[in-house]
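Undergrad:
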Amino acid sequence: MLNFNVIIIVIVSIFLVFFGWKLRKIYKRIVFFILKRHAKKSEKEAIVLLKKHNFDIIDEQFKVNHYLYENNKKKSFSFRPDLLVQKNGVEYFAEIKSGQASYIENINTRRQLLEYFIYSKKKSIILVDTENSIIKKIDFVFAKESS
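Numbers given in the numbering used here equal positions in the sequence shown, counted from 1, plus 128.
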């Protein structure tokens, strides 16, 4: 009788592990769907906000290809700014953020915008805070090296 109980426990355990794994996959899909929907909504709000402030939308989710060298070997990479916008004849990459990510103090946001700044050769980057309906012009300044 002991063997039968052990077999039942093993079968139930396998079923619970499998069921938990499936639930986790479903949960991840739901979270991804919600985040994607929120991002699309924020993007639409940002476009309206930018147009209200006389920005022209030139492109959306476009790919920028670039390269660097790692141990003298060329490595290609790409990134996708949310928008390419223009105002008064000046083009900007615009990044749309909400929540804590919309603050330049956020290290991940700052690094992302710095990458855009370096590889776009644009003077400024636009950070759009959709939660607070704020457009922020970000300029990076590099201190001159002391001699």
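We put the CB at the ideal spot given by N, CA and C, even for glycine.
1) Measuring CB to CB, does A174 end up less than 8 Å from T258?
2) From the DSSP output, in three-state form, read off V256 for me.
3) Checking 8 Å against the spacing of the C-beta atoms, do E223 and L212 come in under that value?
4) Tell me, please, whether the stretch 133-147 touches the stretch 224-232 by the rule of three or more beta-carbon pairs shorter than 8 Å.
5) Closest to K215 by CA distance: which of F245, Y247, I263, I142 is it?
6) I'd like to check one pair, L255 with K225: are the Cβ atoms closer than 8 Å?
7) Just to confirm, are I253 and E219 a CB contact at a threshold of 8 Å?
TA: To lay it out plainly:
1) Within the sequence shown, the letter at position 46 stands for residue 174. Within the sequence shown, the letter at position 130 stands for residue 258. Result yes, Cβ atoms of A174 and T258 sit closer than 8 Å.
2) To locate residue 256, count along the sequence shown from 1; it is residue 128. The answer is strand: DSSP assigns V256 an E or B state.
3) For the purposes of this step, residue 223 is taken as residue 95 along the sequence shown, with counting starting at 1. For the purposes of this step, residue 212 is taken as residue 84 along the sequence shown, with counting starting at 1. Not a contact, by the Cβ cut-off of 8 Å.
4) no
5) Position 87 of the sequence shown holds residue 215. When each option's Cα is compared against that of K215, the closest is I263.
6) Working through the sequence shown from its first residue, we reach residue 225 at position 97. Working through the sequence shown from its first residue, we reach residue 255 at position 127. The answer is yes: Cβ separation under 8 Å.
7) Looking up residue 253 in the sequence shown gives position 125. Looking up residue 219 in the sequence shown gives position 91. No, they are not a contact pair.
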